[in-house]
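Q: In this note's numbering, the protein residues as written are 13 to 443. Before we start, here is the structure in question, set down as structure tokens.
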Amino acid sequence: MLNKRLTASLLMPAVLSISSCRPTNGQSIEELAIPPQSGLESRFPAAWVQLGSEGATIARVLTNDLSCPVLNVDGSKLPMTIRGTRTETFNITTCEATLPARAQVVMLGHYKLPVPTSNPKRIVVIGDTGCEIKEDKGKIAVQNCSDPQKWPFMQVSQSIASMRPDLIIHVGDYHYREVPCPKKDSAKCAGASVGDTWASWKEDWFTPAAAMFASAPLILARGNHELCARAGNGWFQFLDPRPLPAACTDSPAPYWMTVGDHHIAVVDAADDKNMQSSFDTLKPYASGFTWWVMHRPFLTDGADDELSKDAAPAKLPTTWQAPGLIGAVITGHKHLLSLNSFPKAANPPEIISGNGGTTLEKPKVDNQVMEPIQTADLVSLNYYDYGFLVFDRMDAGTWQIQAMDRTAKLIAKCTLTQHAGVKSALDCKPI
Ligand SMILES: [Fe+2]
């Protein structure tokens, strides 16, 4: 049974405001590379800030200690509380504290945590990052977790930090170490941890993501690899922004936040069956431009590979189909970059940023050189290699989107326009 407060927080969308920006520039990675959480004491394997429901800005710290540390926020002490005690499976203490609105300087000892800005000008999107050691329909798929060229998530993470974002969105699928490394694949994954444990979460997510943790607050969506049957316990202990449920659930409600002058709705699409009810729950929030952030795409043809080829896991409620409400649907799940717009349909653009590190999936039409595909009702630009997206706010109605490769080299540019009463538009060109 979930307690009353938790039930309310899981069932009701919530409102969040975050606050102002840092400069961006064109420096190279070599000039800007940030060592993974340098300055963090060794008893704290990870520390980060994430945005959640009910206006919450949450600091999380993992510690080898049995008790939680005290943060210093703008000169005042803020004790952290235990979110998850050490167990045999999760032999780490998870600590958290909700930060006061407009906190400026948040210190964990001598380590400075990033804080939100009120009107983020640079937002990075990444997804699908874990190293694949999994069984699918009786076949074991193994990625080379020992070779940073074959599993480049740490490089992508450091490239993201070099872009100095104000906010980072991860669209899900953090944990892929599901079965023991087969003997025949020992060159790729010998010694890899397995299952929903602290050890495998550390290898798949916390160690390679450290540079991102140091650079900006995060919004974290849940992927199907974090379903309760997979790594759901780790998801709730470490990454879900809301109070820890008494038991794992695959049907949490969406939550909502205001970021600068537009909105972000975060849908838990780990389970495709949770999507339609989440969309319906968002009906009362149909006002002003919103980015819908979730793991699974649903507007492009056959976007959900766990359903039949042409099935979509959910449909937009008519309330949200009016022009001027959805700026973009931002997803992952498909392991490539796919930038989609719909010249004729009412659909908003669908941006699939699923090339963060996990074994790539070829697009339906293999155009890895970024030649746009145009049909009567879809314009699609696909990139079949690793990387991430950088959204830069140009003015109230315009975002420039840069598609970067794993080294932060520019490979394509888009303009996303959002004007009141007009369907949002995405126009992309390869470099
Ligand atoms: Fe997925």
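Virtual Cβ for every residue (Gly too), placed ideally from N, Cα, C.
(1) Rounded to a whole number of angstroms, what is the C-alpha to C-alpha distance between Ala228 and Val402?
(2) Would you check if the region 187 to 204 and the region 213 to 224 touch, i.e. whether three or more CB-CB distances between them fall below 8 Å?
(3) On the DSSP letters alone, give me the boundaries of the alpha helix (DSSP H) that Phe310 sits inside.
(4) At a cut-off of 7 Å, is Asn236 close to ligand 2 when judged by its beta-carbon and the heavy atoms of the ligand?
(5) Per DSSP, which residues does Arg95 bridge with? Please list them.
(6) Quick check on DSSP: helix, strand or coil for Gly244?
(7) Note the first and the last residue of the continuous beta strand (DSSP E) segment covering Thr69.
(8) Looking at His448 and ligand 1, is the gap between the Cβ and the nearest heavy atom below 7 Å?
(9) What first and last residue would you give for the beta strand (DSSP E) that runs through Lys441?
(10) Kindly examine ligand 1 and report whether one of its heavy atoms sits closer than 7 Å to the Cβ of His307.
(11) Straight-line CA distance for Lys356 to Leu111?
(12) Compute the Euclidean distance between the alpha carbons of Gly369 and Thr209, then round it to the nearest angstrom.
(13) Could you please give the first and the last residue of the uninterrupted beta strand (DSSP E) stretch that includes Cys107?
(14) Can you tell me which of the three DSSP states Gln116 falls into?
(15) Could you have a look at Ala45 and say whether DSSP puts it in helix, strand or coil?
(16) In terms of alpha-carbon separation, which member of Asp77, Asp417, Val85, Thr429 lies closest to Pro442?
(17) Cβ-heavy atom distance between Asp140 and ligand 1 below 7 Å?
(18) For Ala420 versus Thr429, is the C-beta distance shorter than 8 Å?
(19) Span of the alpha helix (DSSP H) holding Asp292?
(20) My output table needs one value for Lys133: the three-state DSSP class, helix, strand or coil.
(21) Helix, strand or coil: how does DSSP classify Gln167 here?
(22) In angstroms with no decimal places, state the Cα-to-Cα distance between Thr343 and Ile180.
(23) Which term fits Leu372, buried or exposed, when burial requires 16 or more other beta carbons within 10 angstroms of its beta carbon?
(24) To the nearest angstrom, how far is it from the Cα of Gln380 to the Cα of Thr410?
(25) Can you list, in chain order, the residues of its chain whose CB lies under 7 Å from that of Met166, leaving out five sequence neighbours each side?
(26) Using a Cβ-Cβ cut-off of 6 Å (strictly less than) and excluding sequence neighbours within five positions of Asn236, which residues of its own chain qualify?
(27) For Ala204, which option in Lys162, Val154, Ala223 has the closest C-alpha, if you only look at C-alpha atoms?
(28) Look at the Cβ atom of Asn131, then the Cβ atom of Asp292, and state whether they are nearer than 8 Å.
(29) Give me the Cα-Cα distance between Val341 and Asn286, rounded to the nearest whole angstrom.
(30) From the DSSP output, which residues share a beta bridge with Trp60?
(31) Between Gly96 and Gln333, how many whole angstroms is the CB-CB distance? I'm expecting something under 8 Å.
(32) Considering Lys200, what are the terminal residues of the alpha helix (DSSP H) in which it resides?
(33) Cα separation between Glu100 and Ala211?
(34) For Asp185, verify whether its CB is less than 7 Å away from any heavy atom of ligand 1.
(35) Have a look at Leu311, Ala408, Val279 and flag the residue whose alpha-carbon is nearest the alpha-carbon of Gly184.
(36) Given 8 Å as the limit, is there contact between the region 140 to 147 and the region 388 to 408, that is, 3 or more CB pairs closer than that?
A: So, from the data block:
(1) 13 Å
(2) yes
(3) Counting along the chain, Phe310 falls outside any alpha helix (DSSP H), and DSSP gives it neither H nor E.
(4) Among the ligands modelled here, namely ligand 1, ligand 2 does not occur.
(5) Arg95 pairs with nothing; no bridge assigned.
(6) Under the three-state reduction of DSSP, Gly244 is assigned to helix.
(7) 69 to 75
(8) As displayed, the chain neither begins before 13 nor continues past 443, which places residue 448 out of reach and without an answer.
(9) Residues 437 to 442.
(10) yes
(11) 45 Å
(12) 20 Å
(13) 105 to 110
(14) coil
(15) Because Ala45 carries a pLDDT of 46, less than 50, the predicted location of this residue cannot be relied on, and the following value inherits that uncertainty. Coil.
(16) Comparing Cα-Cα distances from Pro442 to each of Asp77, Asp417, Val85, Thr429, the minimum goes to Asp417.
(17) yes
(18) no
(19) 287 to 293
(20) coil
(21) In this structure, Gln167 counts as helix in the three-state DSSP scheme.
(22) 13 Å
(23) buried
(24) The predicted model places Gln380 with a pLDDT of 49, which falls under 50 and marks its position as unreliable; any figure quoted below should be read in that light. Near 27 Å, if we compare the C-alpha coordinates of Thr410 and Gln380.
(25) Pro160, Pro220
(26) Here the set comprises Ala282.
(27) Val154
(28) no
(29) 16 Å
(30) Arg72
(31) The pair is not a contact, with the Cβ atoms about 41 Å apart (cut-off 8 Å).
(32) 198 to 201
(33) Answer to the nearest angstrom: the Cα atoms are 11 Å apart.
(34) yes
(35) Val279
(36) No, the region 140 to 147 does not touch the region 388 to 408.
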